[in-house]
Amino acid sequence: MLLSAVPKGEVPVAYLSFNRNGYSTYCRVFREYHDWVQKRNAERYQNTVRHGKNYDAKNMLHVFRLLQMAEEIALTGQLHMRWPNQEFLLQIRRGEFEYEALVEEAEALVTRVEAAFAALSLPEAPDKQAAEKLLIRVRQGFYASTRV
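Mapping to full-length UniProt numbering: the sequence shown position 132 is 132, numbers consecutive.
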């Protein structure tokens with residue numbers, strides 16, 4: 001039975017190395033990317049192309065919204081669902097800012113959020129009993145008001 005076309009005793013002229021794990025990872029990532037391209041929101045992609053700034057403006061809007069909400073929570077202990085800077089967020093969504101300027105501003109905001117939370121005296125862990133009692137009260141109130 002012949003297992004190789006290379007004659008016995010032949011001196012090797014090269015070695016072949018195959019990174020099977022690396023190749024498998026590459027194939028998986030390639031497939032996942034093309035699955036994402038096929039399923040992505042075409043209108044959102046067109047908005048990215050239209051404003052020409054080469055970033056996902058909706059994603060960037062949410063980056064700023066969430067960071068600003070985190071800063072508000074750290075500074076005031078409250079969370080509001082309406083924002084006084086709504087026009088700024090809409091400008092981001094329309095792609096009116098350069099990517100580099102937004103990244104710089106987001107990094108500054110992250111620094112402020114981290115500093116605000118570092119200044120708080122939060123407990124090591126939440127009070128699970130108090131949270132559970134609050135949840136029960138909220139659910140009882142909600143379901144009591146929805147009964148017909």
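Even glycine gets a Cβ: it sits at the ideal position worked out from N, Cα and C.
>> Contact defined as beta carbons within less than 8 Å: I believe R44 pairs with K53. What is the distance between those atoms, to the nearest angstrom?
In response: The residue labelled residue 44 in the question sits at position 44 within the sequence shown. The residue labelled residue 53 in the question sits at position 53 within the sequence shown. That belief does not hold up - the Cβ atoms of R44 and K53 are roughly 14 Å apart, past 8 Å.
> Nearest-angstrom Cα distance between L122 and E96?
Replying inline: Working through the sequence shown from its first residue, we reach residue 122 at position 122. Working through the sequence shown from its first residue, we reach residue 96 at position 96. Rounded to whole angstroms, L122 to E96 spans 38 Å at the Cα level.
>> Here's the rule: buried if 16 or more other CB atoms are within 10 angstroms of the residue's CB, otherwise exposed. What is V113?
In response: Along the sequence shown, read from residue 1 onward, the residue named residue 113 stands at position 113. By the Cβ-count criterion, V113 is buried, with 16 or more other Cβ atoms from all chains shown falling within 10 Å of its own Cβ.
> On the three-state DSSP scale, how would you describe A144?
Replying inline: For the purposes of this step, residue 144 is taken as the residue at position 144 of the sequence shown. Residue state, collapsed to three classes: helix.
> When the Cα atoms are used, what is the spatial distance from L134 to Q140?
Replying inline: What you label residue 134 is simply residue 134 of the sequence shown in a count that begins at 1. What you label residue 140 is simply residue 140 of the sequence shown in a count that begins at 1. Each residue's Cα considered, the two are about 10 Å apart.
> What residue does the alpha helix (DSSP H) around L120 start on, and which one ends it?
Replying inline: For the purposes of this step, residue 120 is taken as the residue at position 120 of the sequence shown. First-last for L120: undefined, no H or E at that position.
>> With H, G and I counted as helix, E and B as strand and the rest as coil, what does DSSP make of R20?
In response: Residue numbering aside, residue 20 sits at position 20 when the sequence shown is read from its first letter. It is helical.
> If you drop the 5 nearest sequence neighbours on each side, which residues of the same chain put their C-beta closer than 8 Å to that of W36?
Replying inline: Residue mapping note: residue 36 aligns to position 36 of the sequence shown, counting from 1. Closer than 8 Å at Cβ, skipping near neighbours: no residue.
>> Starting from L61, trace the alpha helix (DSSP H) in both directions and tell me its first and last residue.
In response: Locating residue 61 in the sequence shown gives position 61, where the first residue counts as 1. Where L61 is concerned, the enclosing alpha helix (DSSP H) stretches over 57–76.
> Applying the criterion that 16 or more other CB atoms from any shown protein chain within 10 Å of the CB defines a buried residue, is M60 buried or exposed?
Replying inline: Numbered from its first residue, the sequence shown carries residue 60 at position 60. Here M60 is buried, its C-beta having at least 16 other C-beta atoms within 10 Å.
> Exposed or buried, which one is L79 when buried takes at least 16 other CB atoms within 10 Å?
Replying inline: The residue you call residue 79 lines up with position 79 of the sequence shown. Burial call: exposed.
> Leaving out five residues before and five after L89 in sequence, what residues of the same chain have Cβ atoms less than 8 Å from its Cβ?
Replying inline: In the sequence shown, the residue the question calls residue 89 occupies position 89. L61, F64, R65, W83, listed in sequence order.
> chain D beta carbons: is any one of them nearer than 9 Å to that of R139?
Replying inline: No chain D is present in this structure, which holds just one protein chain.
> For V13, which of helix, strand or coil comes out of DSSP?
Replying inline: What you label residue 13 is simply residue 13 of the sequence shown in a count that begins at 1. When secondary structure is reduced to three states using DSSP, V13 falls in the coil class, being assigned neither helix nor strand.
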